[in-house]
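Undergrad:
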Ligand code: G6Q
């Protein structure tokens, strides 16, 4: 597949990028803009309602040409087709990778193991729509006949972050008579604080778990069941207050949820790619089926763009290549995601899982240790709050931190002058990072000599700006799909399996071993290292 057997770092395009980096690393963005005054309108691309300005990135036409060569030499085109064709790209688990099928329109055809999955996808979406409609209208009642006012999603990781992020992002569109909560942590405080003010008679739990064996989710689900049954007096209440989203019908039955109240999805949907599936049920209840379908349509528009647009105008490909440029050639270790929208408060956390769980890998598809950098540390917070916290380091620290700024031209609610103030801050940050402020400029303002170095901004700090008209469900869908495909392109070039997550297993297994050692009545014989043994003994010591 990817570039035959030639190691990535031996590909001519990779080597050429190395040499090119040596000649470009000393060139300032000020110079690149001075050389090409049209750069800000030229180095842009647009698709699915998103406008990407990457002119403030440390690239020239030559850089882009070489990065595109690298993409082609990595067999990217064939790999995109393989994903859409339902090939089992998740080789370590023998699974297809078909989140794109979850947002394919009715009538499209995507075949897995000889079966067109699109009709199945729409059958589940229709059932979800029916259910969401009944909850929203009050037709679905709790055990005592009262309408549902609260929906609590019990899930973790991919079964939590997507719907939690999107419910927050699309709160403006939500039915405000409903309260949505997301409980993920096995720390009992999460459940207690999330249900403290809820009436069990009006509360519906959505137990969202692909495997239905996840310790955190099952622990929370059992606690929720006790909370519900204790208040409502009967085990039978469970049928009216619990629904499940899962691939594992037998486990759902075992828990006591009627499979009629279970919304399925499939093993070709990875957890962190599952927002579009029945895992989005709580979101659909919040915003309604129509809005949910707009979200899917936005993602589908990005899918079509990704699959069809030439790489040089392809948003996910461009973002991916820019990331590789900094990761592998500039030695950047992180990527900051900076949305200038309060609604996108959870967006960076969501992308953190998407990117870091997908491409935080150290061996390639053949199991060989790689000799290049792979996925970045993804972090960030909504602006402008971050400006008053960590931007100092981005502007004047010793580290190179590429940034993705995300903003909207129009607000959902016009509130005085808030929106122009917000957007001015976004634009100003990208300008300040790129161009900085020289010592001469600082001195010319009459700043005392002692302060000049402290008040100088080196600039040349790269960023992309992604703009959309408004934060609509379709725009959110396109934005999430943009990053999903970016991660896929990078995983392809880095030759990783972006769709497994074995790195979460060891900690789980060790926790299962330690739990009985913490709770056993008799002093257990501890055989860990001296640190872990001492921590366990400290836990077991009677407290004050
Ligand atoms: C995501 C991972 C992981 C998963 C959770 C929850 O890609 O697979 O975050 O979503 O571990 O798993 P369950 O849905 O099976 O409870």
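Numbering (this note's numbering), first residue to last: 334 to 877.
We put the CB at the ideal spot given by N, CA and C, even for glycine.
#1: Helix, strand or coil for residue 588, going by three-state DSSP, please let me know.
#2: Just checking residue 584 against the ligand G6Q - is the residue's beta carbon closer than 7 angstroms to any of the ligand's heavy atoms?
#3: Taking residue 386 as part of the alpha helix (DSSP H), name the residues at either end of that continuous run.
#4: Considering only their Cβ atoms, is the gap separating residue 604 from residue 490 smaller than 8 angstroms?
#5: Determine the burial state of residue 834: buried for a count of at least 16 other Cβ atoms within 10 Å of its Cβ, exposed for fewer.
#6: Only counting the same chain, and skipping five residues up and downstream in sequence, which positions put a Cβ closer than 7 angstroms to that of residue 336?
#7: May I have a chain-ordered list of the alpha helix (DSSP H) segments no shorter than 4 residues that lie completely inside the segment 494-566?
#8: Taking 8 angstroms as the CB-CB limit, is residue 830 close to chain B?
#9: Helix, strand or coil for residue 486 per DSSP?
#10: Does the separation of the CB atoms of residue 564 and residue 533 fall below 8 angstroms?
#11: Do residue 625 and residue 635 have their CB atoms nearer than 8 angstroms?
#12: Is it a yes or a no for the segment 811-818 touching the segment 376-392, going by three-plus beta-carbon pairs under 8 angstroms?
#13: Between the C-alpha atoms of residue 655 and residue 390, what's the straight-line distance to the nearest angstrom?
#14: Quick check for students: name the residue ranges of the beta strand (DSSP E) that lie wholly in the segment 783-808, counting only runs of 3 or more.
#15: For a test of the three-state rule: what should DSSP assign to residue 441, helix, strand or coil?
#16: In terms of alpha-carbon separation, which member of 411, 478, 363 and 351 lies closest to residue 822?
#17: Let me know if residue 863 comes out buried or exposed under the rule of 16 or more other beta-carbons within 10 Å of its beta-carbon.
#18: If you pair each beta-carbon of the segment 473-493 with each one of the segment 535-546, do three or more pairs fall below 8 angstroms?
#19: Specify the secondary structure class of residue 594 as computed by DSSP and reduced to three states.
#20: Could you pull out every unbroken beta strand (DSSP E) segment of at least 3 residues lying fully inside the segment 719-743, listed in chain order?
#21: Buried or exposed: residue 607, going by 16 or more other Cβ atoms within 10 Å of its Cβ?
#22: For the beta strand (DSSP E) containing residue 667, list its first residue and its last residue.
#23: Just reading off the alpha helix (DSSP H) that residue 611 is part of, what are its end residues?
#24: Give me, in chain order, the residues of the same chain whose beta-carbon lies closer than 6 angstroms to that of residue 737; leave out the 5 immediate sequence neighbours on both sides.
#25: Return the residue from the list 508, 509, 643 and 552 that minimises the CA-CA distance to residue 516.
#26: Report whether the distance from the Cβ of residue 679 to the nearest heavy atom of the ligand G6Q is below 7 angstroms.
#27: Taking 7 angstroms as the cut-off, is the C-beta of residue 834 nearer than that to any heavy atom in the ligand G6Q?
#28: Am I right that residue 469 and residue 508 are in contact with their C-beta atoms under 8 angstroms? What's the rounded C-beta distance?
TA: Checking against the coordinates, here is how it stands:
#1: helix
#2: no
#3: Here residue 386 belongs to no alpha helix (DSSP H); instead the beta strand (DSSP E) covers 383-386.
#4: yes
#5: buried
#6: The predicted position of residue 336 is uncertain, since its pLDDT is 44 and thus under 50; no value can be drawn from it.
#7: 494-502, 521-528 and 548-565
#8: Checking the listed chains, one finds no chain B in this structure; it contains a single protein chain.
#9: strand
#10: yes
#11: no
#12: yes
#13: 8 angstroms
#14: 796-801
#15: coil
#16: 411
#17: exposed
#18: yes
#19: helix
#20: 736-741
#21: buried
#22: 667-672
#23: Careful: residue 611 lies outside any alpha helix (DSSP H) and carries neither H nor E.
#24: 670 and 797
#25: 552
#26: no
#27: yes
#28: 6 angstroms
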